[in-house]
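Please read the structure below before turning to the comments.
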Amino acid sequence: MKFAWKLIAVMLGILAAMGVVIYHFVYLPGLESLEREIKKRFKNDIINVMDQIDRSLYERFSDLRHLASDPALRSNPPAPAAVAARLKEFADGEAALFFYDLNRVKIAGSGAAEAGEEYPFAARWADVLLGERYVMEISRSETGGDPAFYFSHPVKDAREKILGVLVSRVLVSTVYRIIEGTASLHEEYAPIIDLVNEEGLLLYSTYNKKGMLKDNLTGWESVKKALKAGGDASPQEEYFYVFVKENGYSDFKGSGWTLRAYIPKGIVFKPALELRDRIVAVLLPIAFFSILAVFVVSQSISRPLVRLKRAADRISRGEFDTGPQVRSRDEVGELARSFYKMTDELKRANLALEDWAKTLEKKVEARTMDLGQAQKAALNMLEDLQKTKEDLERTNKELQNLDQLKSHFVSTVSHELRTPLSIMKEGINLILDRIPGPVNDQQGRLLEAMKNSLYRLERIIDNLLDISKIESGKVEVRKELVELGPLLQKNLSFFEAKAKEKGIELKLNLPAEGVRVYADEDKINQVFTNLVGNALKFTGKGSVLVEARENAAEVECAVSDTGIGIEKESLPKVFDKFQQFGRTAGPGEKGTGLGLSIVKGIVELHRGRIRVESEPGRGTRFTFWLPKHTPGTLARECVASGIEQAKKKNFKLAVVAVTAAEAGPKEPAPSDPLMDELAEIVKSGLRRQGDMAFRDGTTVFVVCVDCDRDNALKMGMRLGQAANDYLVEKNLSGRAKIGVGCAAFPDDAAAGDDLLLKAKRASFQKKWLVKKKILLVDNEPDFVDMLKMRLEANDFVVTPAYDGRDALEKLKTDRFDAVLLDMLMPRMDGLEALKIIKGQYRDLPVFMITAYTTDQRFDLAMELGAAGFIRKTSDLNHEIVNIMTVLDMSDQYSVR
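Residue numbers (our numbering): 11 to 906.
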C-alpha cells in the first residue's frame, strides 16, 4: 500500500474512532439524560394537576358534608320548604343542590320547581347510603348544557337514622380550567392531556374534544402497556407517556380518575437533533479537508523517498548515477544528502577496488607459479608421512599380536600345567597318607619338600593366569558392598602362624564405625593377601600394620611394614612384572615378581589408584584408594555394569524399585533404621543368583540380570509384600506404606540413570501396598464370618463388630479405612450409627449392608453420607470390586 493511502487510512480510522466514541459516550448519554429530565419535569407537572383536581373535589365534598349536618336537613321528617330554603342559601353559580328522600324522589332543590324527580344514579344508591360512594361520574343533563359531576352524601338525624341523600351537581368547567392551564404551560412541547375514569371512558381531552364522554380508551394498546408497566410507555414508541391516578384523602376516596399525558418525542428532541445536524454539517467538511491535507503532506514525503529508492536500485546494479536529486530541507532532505554522500564514497571505493583487483591478479599469477613448486614438495612430504604411518601401524599391530600371542601362550601353558600338577599333588598326598604303603621318615621329608614346591608352582601358575586375564581385560568384577573389618580380620588370621613363627606382630587399625567399600570381595581380599604376604616376606623382625579409613570421596587402605625397604631408583618399576630389585627374602621365601602387578591391576579395575613409599632399612608402605560410593552411585554403577553385560550377551535387564513413604500428611518420613530393616528384608528375599539390592534413601533398588519386566515386577510385588508384612507385624502400617515400580532395558530406557529414575517414578505411581483395614458391623455371625473370609482373601484386614455401639467403641481405639454397616441391627440402628460416624469421621467411607434390593431408607442413607450399598443378595465379588473402586484399590488387587 502506498504511503499516502496508509496515512489516509489511519486518518479515517482516527476520525471513525472519534465519531464512535463521541456518539456512544457523549451524544447518547446526553440524549438519555435530557429524556429523563424532561419526563421528570413533565410528570411532576401532571402530579400537580391531579393534586389540584383532588383538592377541588375535596373542597366540594367538604361543603356538602357540612351542609348534610345542618339541623334544617336533619329534622325527622324533613320539611321540604325549610330544606329548599337552606339549599338556596348554599348554592352558587357552579353548583346546584338537591335533597332526595329514601324513596329516591327529590323533595327539594336550590332551583325552582325541581321536586318529584328520581335520583339519577339508582345503581349507586346503596353505595351512597353506606357512605362508600360520594362522587359520581361526569355526565350531561338530559336537557343538554355543560357537563357536570355529582356529589352524594347521606343525611342522618340525631339518632344516626338515614333520612335521605343530599346531592350537589358541580359544573366540570372547574376541572377543565385546571387541565387547560397546565397544557398552556408546555406550549413548546404541545402536551396532550386526557382525563379517564376507572372504566377507561374519556372524560376530558385537550386534543379529542368530540370523544369526550363517548370514547372508551380501554382498548388502546398503548394505554394497556402503560398501565401494566406502572405509568411510562416504552422508549421505542413515538410519545412520552405519563399516567397519574387520583389518590383521594383518608375520609374521601375520590372518583378513581386517571390523568394520561403524553408528548411527541419528535418535538421534545427537536433542538437536540438540530444541534446534532449542525455539528455533522460542520465536521464533514473539516474531515474532508483534513484528509486532503494528509494526502498532500504524504505526497510531499513519499515523492523524495521514491526518488531515493530508484537511486538505490541503480546503485545495486552498479550504476552510480543517482538521477534527479532531492532538494528539500527537512529530515527527508538530510537523509537524501547522506545517501548521495554515501553513493560518492561507494563510487570512489569501487574504483579503488577495481585498481586493487588488477594489481592482485598480477600478484596471484606470480604466486601461483611459486605454489606449484611448493605443492610438489608438500606432496612428497605427505607420501613420506603416509608411508611412516603405515609402518607404525604395521609395527603396532605386530606388537599387539605378539602381546596376544604371549598372553595366549601364558594362559595355555598355565592351564596345561594345572592337570599334571593336580595329579602330582594328589599322588604325594596319597603317599603321605600311607594309602599305598608305609613311608619312612626320610621319604616323608622328601615328599613334604616336593609338596611345598608343587604349591609354590601352583601359586606361580595362578599369578600368571591372573596377570594374563588383567592384561587381556577378561577379568569379571562382581561388586557388592563389602565390610572391610571382617574381611581384614579373616585375612590376617591366615598369616598369624607365619607371623608368629618369624616373630612379627600383625596390627589392624580400623575406625570404630567400620569401613565399607563397593568392590569385588574376592579381588580385594587378593590385594590384601599379596600386600601382607610381601610385607611378611621382606620383614625379619618388627611389625606389619594394615589400615583402612573413609575419606570424603575415597576409601583409603594401607599395608606398611618395618622390613628391608626398596631402593629409591627401583620405586618407579615396583609394579612391573617379574621385578625383584635384588631384595633378599627370608629362608624359603621365593616369589615370581607378579604379585604387585596383580595388585595394581585389581585396584585399577576398581577405578582406584595405588602408591608405594619406602626407605631402605626402615620399611615400605603401600597405599591404595578406592572410590567411595554413595548408595545412589552404587546403584548407578551396578546398573551400568549390568547394561554392558546385557549388551554383550544379548539379554534383558530390569530394575525394581521398592519405595517406602509416610502413610499420611502428618506422619514423618521413614527413618534410616526402618529403611535398613526393609532393605535387609528385600535382600533376603532375592532368590536368583546375580540379583543385587541397594538402598538409596527411602528406595531399595533391585537389579535383575537376564530378566524381563513382567517377571521382575512379579518379584518386586513379592518383595514389596514382604516389606509390607513386616510393617504390619511391627505395627508400623500406620506410619509407612510401600510402593513397587519396575523399568526394563532396553524397552524403557537405554541408560542406567534413566532406568533407575523410571523405576522409582513407577513406584510412586503404583498404588501403595498397604492392606486396607475394614470394620465389618453385622448382627448375624455367620454372615460376618463368610464376608470376613472373602474380604481377607482380597488382602483386607477385617475387624468384626456386632451392633452399632460396638462399632463406635472400636472406632475410638483403632484406625480403619472403611466401615461396612448393616442397616437393621439391635441396640443401635444402622442409620443412627451412620449419622454418628459421619459426624465424627467425616472422610471415612461407610458402606451400608442390606438384604433388600430397594428400600425407601436408601435415599436417607445417601443423604447422611453413605459411600454405597452391599446387597446380601448380590454377588459379593462384585460388591468387593465396588469397595476397592471407592478406596482406589481396584487396579492393585484382583478379586479372588
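Ideal placement from N, C-alpha and C gives every residue a C-beta, glycine not left out.
Rounded to whole angstroms, how far is the Cβ of residue i from the Cβ of residue j, which I believe are closer than 8 Å?
{"i": "ALA271", "j": "ILE202", "result": "7 Å"}
{"i": "VAL542", "j": "VAL556", "result": "7 Å"}
{"i": "ALA759", "j": "LYS768", "result": "6 Å"}
{"i": "VAL668", "j": "VAL692", "result": "6 Å"}
{"i": "LEU516", "j": "PHE505", "result": "6 Å"}
{"i": "ALA545", "j": "ASP586", "result": "Between ASP586 and ALA545 the Cβ distance is about 19 Å, and since that is not below 8 Å, they are no contact."}
{"i": "MET60", "j": "GLU256", "result": "6 Å"}
{"i": "ARG867", "j": "LEU841", "result": "6 Å"}
{"i": "ASP716", "j": "ALA645", "result": "About 18 Å; that fails the 8 Å criterion."}
{"i": "VAL794", "j": "ALA817", "result": "VAL794 to ALA817, Cβ: 12 Å. No contact."}
{"i": "GLY575", "j": "GLY627", "result": "6 Å"}
Assuming residue i is part of the beta strand (DSSP E), what are its boundary residues?
{"i": "ASP571", "result": "564-571"}
{"i": "SER624", "result": "619-625"}
{"i": "PHE755", "result": "746-755"}
{"i": "MET702", "result": "702-706"}
{"i": "ASN519", "result": "514-519"}
{"i": "PHE273", "result": "Just to set this straight, residue 273 is Ile in the shown sequence, not Phe. Note, ILE273: beta strand (DSSP E), 268-274."}
{"i": "ILE148", "result": "Note, ILE148: premise wrong, no beta strand (DSSP E); not H, not E."}
{"i": "ILE172", "result": "172-181"}
{"i": "ILE859", "result": "856-860"}
{"i": "GLY121", "result": "Note, GLY121: premise wrong, no beta strand (DSSP E); not H, not E."}
For residue i, which of helix, strand or coil comes out of DSSP?
{"i": "TYR160", "result": "strand"}
{"i": "LEU737", "result": "helix"}
{"i": "PRO130", "result": "coil"}
{"i": "LYS489", "result": "coil"}
{"i": "LYS551", "result": "coil"}
{"i": "THR723", "result": "Reading the sequence as shown, one finds Leu at residue 723 and not Thr. Residue state, collapsed to three classes: helix."}
{"i": "MET899", "result": "With a pLDDT of 42 at MET899, under the threshold of 50, the predicted position of this residue should be treated as unreliable, though the coordinate-derived value follows. MET899: coil per DSSP, three-state reduction."}
{"i": "ASN462", "result": "helix"}
{"i": "ALA689", "result": "helix"}
{"i": "MET838", "result": "coil"}
{"i": "ASP832", "result": "strand"}
{"i": "LEU786", "result": "strand"}
{"i": "GLY878", "result": "strand"}
{"i": "PRO678", "result": "coil"}
{"i": "VAL292", "result": "helix"}
{"i": "GLY543", "result": "helix"}
{"i": "LEU467", "result": "helix"}
{"i": "GLN246", "result": "Any reading at GLN246 must be qualified, since the residue scores a pLDDT of 45, below 50, and its modelled position is unreliable; the value itself is stated next. Correct three-state label for GLN246: coil."}
{"i": "SER312", "result": "helix"}
{"i": "TYR851", "result": "coil"}
{"i": "ALA670", "result": "strand"}
{"i": "GLY141", "result": "coil"}
{"i": "ASP718", "result": "coil"}
{"i": "GLU889", "result": "helix"}
{"i": "GLU256", "result": "coil"}
{"i": "PHE305", "result": "helix"}
{"i": "GLY629", "result": "strand"}
Please state if the CB of residue j and the CB of residue i are separated by a distance shorter than 8 Å.
{"i": "VAL115", "j": "GLU128", "result": "yes"}
{"i": "LEU785", "j": "LEU821", "result": "yes"}
{"i": "PRO88", "j": "ILE117", "result": "yes"}
{"i": "VAL138", "j": "PRO164", "result": "yes"}
{"i": "ILE859", "j": "LYS845", "result": "no"}
{"i": "GLU69", "j": "LEU181", "result": "no"}
{"i": "CYS752", "j": "ALA732", "result": "no"}
{"i": "VAL525", "j": "TRP635", "result": "no"}
{"i": "LEU77", "j": "LEU176", "result": "yes"}
{"i": "ALA754", "j": "ALA722", "result": "yes"}
{"i": "ASP720", "j": "VAL712", "result": "no"}
{"i": "ARG84", "j": "LEU140", "result": "no"}
What residue does the alpha helix (DSSP H) around residue i start on, and which one ends it?
{"i": "THR823", "result": "814-823"}
{"i": "PHE793", "result": "791-803"}
{"i": "ASP6", "result": "Past the boundaries of the shown model lies residue 6; the chain is included only from 11 to 906, so the question cannot be answered."}
Taking only beta-carbon positions, decide if residue i is within less than 8 Å of chain C.
{"i": "LYS49", "result": "Reference to chain C is not applicable here, since this structure consists of a single protein chain."}
Does the beta-carbon of residue i, which I'm using as the reference point, lie nearer than 7 Å to any heavy atom of the ligand ZN?
{"i": "VAL31", "result": "As far as ligands go, the structure on display features none, and thus does not contain the ligand ZN."}
Handout entry: beta strand (DSSP E) runs wholly inside the stretch 44-115, at least 3 long, in chain order
Key = 105-111
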